[in-house]
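K.L.:
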Amino acid sequence: MRALFGWQGRGEGRRRATAYAWHEEATAALQQLAVTDGLTGLLNRRGAMEQAELAFAMARRHHEPLAVILLDLDHFKRINDTLGHETGDKVLQLTAEQLRLSLRQTDLSCRWGGEEFLVVLRHCDQKQAVEVDARLRTLLQRAGQMQLSSPVSFSSGLALLQDANTDLDALLRRADTALYEAKRSGRGRLCISATG
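Residue numbers for the sequence shown follow our numbering, so the first one is 7 and each next one is one higher.
What follows is the structure in structure tokens.
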């Protein structure tokens, strides 16, 4: 009789362990969903901010270079209006794919919102950041032409960490200002933030 109860106890323990493991897995999956953009598979804005804050803090603490690029797909509304939202979704997915191909594992990319993306480049100076932007621009134009029969272009703003930037928001504002200048001056180009 004891053996029977002992066996049932072990069975109950296994069920509890399985339920606990399932709960842990489900919790991790929900946490991942909360920080991931469902369409592109990149981090969403919420997910990126935590990692970007950490990259910013480490760069300041160790006096290391850090660059951020905000990019905005050119004429995205026109793509949605003329080619349909399904094609617009494909453009967003293609952009995410090219970001994954062109960045290092230590870099961070996210869908910032709508047709905007954020790239955080650790240990990266201005020359290297400009090269990353150019590489992404070329890859995206080629991939767009091959997969969608239309090149995809973007405008971008680059800001480099400076001593005056005491928080990440200041750095992001500078990148946003540079992005606005790129769009205002004709799109399809990179503008670099002035100092300050």
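The beta-carbon is built from N, C-alpha and C at its ideal position, and this holds for glycine as well.
Is it buried or exposed, L60, if we count other Cβ atoms within 10 angstroms and call 16 or more buried?
P.N.:
exposed
K.L.:
With a threshold of 6 Å on Cβ separation, who are the neighbours of L166 within its own chain once the five nearest residues in sequence on each side are excluded?
P.N.:
A73, Q132
K.L.:
From the DSSP secondary-structure annotation, give me the bridge partner or partners of S162.
P.N.:
Its beta-bridge partners are L77, L196.
K.L.:
Out of curiosity, what's the CA-to-CA distance linking T101 and D169?
P.N.:
32 Å
K.L.:
Ends of the alpha helix (DSSP H) at S108?
P.N.:
Where S108 is concerned, the enclosing alpha helix (DSSP H) stretches over 91–108.
K.L.:
Would you decide whether A135 is buried or exposed? Buried here means 16 or more other CB atoms lie within 10 Å of its CB.
P.N.:
Residue environment: A135 is assigned as buried (16 or more neighbouring CB atoms within 10 Å of its CB, all protein chains considered).
K.L.:
Could you tell me which of L174, R110, C116, W118 sits nearest to R214, measuring between CA atoms?
P.N.:
What the structure shows of the chain is the stretch from 7 to 202, and residue 214 is not part of that stretch, so it cannot be assessed.
K.L.:
Report yes or no: do three or more beta-carbon pairs, one from the region 55–69 and one from the region 114–134, lie closer than 8 Å?
P.N.:
Yes, since at least three Cβ pairs between the region 55–69 and the region 114–134 fall closer than 8 Å, the two stretches touch.
K.L.:
Identify, in the order they occur along the chain, each residue of the same chain with its Cβ nearer than 8 Å to the Cβ of T42, setting aside the five sequence neighbours on each side.
P.N.:
L48, L49, N50, G53
K.L.:
Report the option in D113, Q153, T112, P71 whose CA atom is closest to the CA atom of G94.
P.N.:
That would be Q153, whose Cα lies nearest to the Cα of G94.
K.L.:
Per the contact definition of three or more C-beta pairs closer than 8 Å, is the region 81–99 in contact with the region 111–126?
P.N.:
yes
K.L.:
With burial defined as no fewer than 16 other Cβ atoms inside 10 Å of the residue's Cβ, what is the status of D175: buried or exposed?
P.N.:
exposed
K.L.:
Report all residues from its chain with a CB closer than 8 Å to the CB of D182; omit the five preceding and five following residues, and keep chain order.
P.N.:
L76, G163
K.L.:
State yes or no: is the C-beta of G150 within less than 8 Å of the C-beta of V138?
P.N.:
no
K.L.:
Grab the span of the alpha helix (DSSP H) containing L3 for me, first residue to last.
P.N.:
Because the chain is modelled from 7 through 202, residue 3 falls outside the range shown and cannot be assessed.
K.L.:
Evaluate D113 with the Cβ neighbour count: other Cβ atoms within 10 Å of its Cβ, from every protein chain shown; 16 or more gives buried, anything less gives exposed.
P.N.:
buried
K.L.:
Rounded C-beta distance between G194 and S161? I'm assuming under 8 Å.
P.N.:
6 Å
K.L.:
Taking 8 Å as the cut-off, decide whether the C-beta atoms of L6 and Q104 are in contact.
P.N.:
Residue 6 lies beyond the range of the chain shown here (7 to 202); nothing can be said about it.
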